[in-house]
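Trainee: Going by full-length UniProt numbering, the first residue of the sequence shown is number 1, and it counts up by one from there. A virtual CB, placed ideally from N, CA and C, is assigned to each residue, including glycine. Remember, predicted model here, so these are calculated numbers, not experimental data. Okay, here's the structure, questions in a sec.
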Amino acid sequence: MNTDLTAVEGIKLGHADDQKAGTGCTVVLAEANFTIGADVRGGAPGSREFALTDSRAAVDKANAVFLTGGSAYGLDAAGGVMQYLKEKNIGFQTGGGVVPIVPAAVIYDLEYKSNDSPDQKMAYQACQNASSSAQTAESIGAAAGSTCGKLMGIENASKTGLGHAARKSGELIVSALAVVNAFGDLKDPESGKIIAGARDQEGNFVNTEETIIKQPEINLGFLRQNTTLIVVATNAVLNKSEANRVSMMAHSGLSRTIYPVHTLLDGDSVFTLASSQVQADINQVGVLAARVVKEAILNSALKN
1 MNTDLTAVEG
11 IKLGHADDQK
21 AGTGCTVVLA
31 EANFTIGADV
41 RGGAPGSREF
51 ALTDSRAAVD
61 KANAVFLTGG
71 SAYGLDAAGG
81 VMQYLKEKNI
91 GFQTGGGVVP
101 IVPAAVIYDL
111 EYKSNDSPDQ
121 KMAYQACQNA
131 SSSAQTAESI
141 GAAAGSTCGK
151 LMGIENASKT
161 GLGHAARKSG
171 ELIVSALAVV
181 NAFGDLKDPE
191 SGKIIAGARD
201 QEGNFVNTEE
211 TIIKQPEINL
221 GFLRQNTTLI
231 VVATNAVLNK
241 SEANRVSMMA
251 HSGLSRTIYP
261 VHTLLDGDSV
271 FTLASSQVQA
281 DINQVGVLAA
291 RVVKEAILNS
301 ALKN
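Next comes the structure, spelled out in structure tokens:
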């Protein structure tokens, strides 16, 4: 079994980026109409088609999830994913033709190397690059410009990459992909030590959480530029309401590893995709989701 998001059958993962510009995008293709759910806990999210993940909305399936750099400018690149799926006649069937369902979310990377943003051509290329083969943690795709620990400015933040993890319990599989562009530091929950985050001029970790507690007057208004994006995939049978609940439970993985998390400075968002192949208890799915999210976030730091 792959130890990344593609451990769930039917999931393909593709990336495209401009390493020189320090930005890129990642597409999670779920062409077989996976049930979609989502949950946002950060105070500064940037998203597209997020309203349709609400349990009260009519559409309950998605054909892809698109993660991208470029802040709000990057959202336009999702059109490249829609074009790719349209050409394959994949999407919600209407009288006027097929409409692909592609929720999307962004990270802010406009100050990493350049203020360039992914476009539809790059997103289309990511779809062409998509495969179900095993993935490793690298600074590619949507993580081309991701960093964590922004308290001392982007120049003193730690670089992160795409993080991956997967778990199996019996026939149940739950996997996760993490794009960690957090304001806070990453801590190993076993040791309590910071493994990635803000550094001082000597290269030592500052400890963002303690600094905010001791210096509440510190000006953070200019730092509304952070987000951790998560995609959870599972083969469990879930309806949209249950997929939303799993997304909520998965946020526990962020709170176990990112300090502080879910601030007004972050746009933390979790998507859940379910292929509905295996009967499973929703609590078991949610607990596993939180675990693989924790592991994927740690993976994003430890491999870079």
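So the candidates are 37, 93, 97, 118; which of them puts its Cα closest to the Cα of residue 67?
Mentor: Residue numbering aside, residue 67 sits at position 67 when the sequence shown is read from its first letter. When each option's Cα is compared against that of residue 67, the closest is 118.
Trainee: Going by other Cβ atoms of all chains shown within 10 Å of its Cβ, with 16 needed for buried, is residue 216 buried or exposed?
Mentor: Residue mapping note: residue 216 aligns to position 216 of the sequence shown, counting from 1. Burial call: exposed.
Trainee: If you compare alpha carbons, which of 23, 226, 137, 70 is closest to residue 177?
Mentor: Counting from one through the sequence shown, the residue named residue 177 turns up at place 177. The shortest C-alpha separation from residue 177 is found at 137.
Trainee: So, residue 28 versus residue 231, is the Cβ gap smaller than 8 Å?
Mentor: Along the sequence shown, one-based indexing puts residue 28 at 28. Along the sequence shown, one-based indexing puts residue 231 at 231. Contact: yes.
Trainee: Please give the ranges of any alpha helix (DSSP H) in the region 213–266, keeping only runs that are unbroken, at least 4 residues long and fully inside the region.
Mentor: Here the runs fully enclosed are 240–250, 252–255.
Trainee: Please go through the same chain and pick out, in chain order, the residues whose beta-carbon is closer than 8 Å to the beta-carbon of residue 260, but skip the five residues on each side of it.
Mentor: Taking the sequence shown and counting its residues from 1, one reaches residue 260 at position 260. Result list for residue 260: 183, 184, 208, 209, 212, in chain order.
Trainee: For residue 167, count neighbouring Cβ atoms within 10 angstroms of its own Cβ and tell me buried if that reaches 16, exposed if not.
Mentor: Walking along the sequence shown from the start, residue 167 turns up at place 167. Buried, because 16 or more other Cβ atoms sit within 10 Å of the Cβ of residue 167.
Trainee: Give a yes or no on contact between the region 187–196 and the region 8–21, applying the rule of three or more CB pairs nearer than 8 Å.
Mentor: Because the criterion of three Cβ pairs below 8 Å is not met, the region 187–196 and the region 8–21 do not touch.
Trainee: With DSSP run on the structure shown, which of helix, strand or coil describes residue 44?
Mentor: On the sequence shown, residue 44 is found 44 positions in, with the first residue counted as 1. Correct three-state label for residue 44: coil.
Trainee: What does residue 148 pair with, by DSSP beta-bridge criteria?
Mentor: For this step, residue 148 is matched to residue 148 along the sequence shown. According to DSSP, residue 148 bridges with 158.
Trainee: Kindly indicate the opening and closing residues of the beta strand (DSSP E) around residue 13.
Mentor: Within the sequence shown, the letter at position 13 stands for residue 13. Segment 12–18, the beta strand (DSSP E) holding residue 13.
Trainee: For residue 249, count neighbouring Cβ atoms within 10 angstroms of its own Cβ and tell me buried if that reaches 16, exposed if not.
Mentor: On the sequence shown, position 249 is the one that residue 249 refers to. Buried is the call here.
Trainee: How would you call residue 187, buried or exposed, if buried means at least 16 neighbouring beta carbons within 10 angstroms?
Mentor: Working through the sequence shown from its first residue, we reach residue 187 at position 187. The residue is buried, with at least 16 neighbouring Cβ atoms inside 10 Å.
Trainee: To which residues does DSSP link residue 37 through a beta bridge?
Mentor: Sequence index remark: in the sequence shown, residue 37 carries index 37 (1-based). Answer is 272.
Trainee: Quick one, are the C-beta atoms of residue 268 and residue 228 less than 8 Å apart?
Mentor: Taking the first residue of the sequence shown as position 1, residue 268 is located at position 268. Taking the first residue of the sequence shown as position 1, residue 228 is located at position 228. Going by C-beta atoms, residue 268 is nearer than 8 Å to residue 228.
Trainee: For residue 152 and residue 242, I'd like the C-alpha separation in whole angstroms.
Mentor: In the sequence shown, the residue the question calls residue 152 occupies position 152. In the sequence shown, the residue the question calls residue 242 occupies position 242. When rounded, the distance between both Cα atoms is 39 Å.
Trainee: Do residue 280 and residue 237 have their C-beta atoms within less than 8 Å of each other?
Mentor: Residue numbering aside, residue 280 sits at position 280 when the sequence shown is read from its first letter. Residue numbering aside, residue 237 sits at position 237 when the sequence shown is read from its first letter. In contact: residue 280 and residue 237 (Cβ atoms closer than 8 Å).
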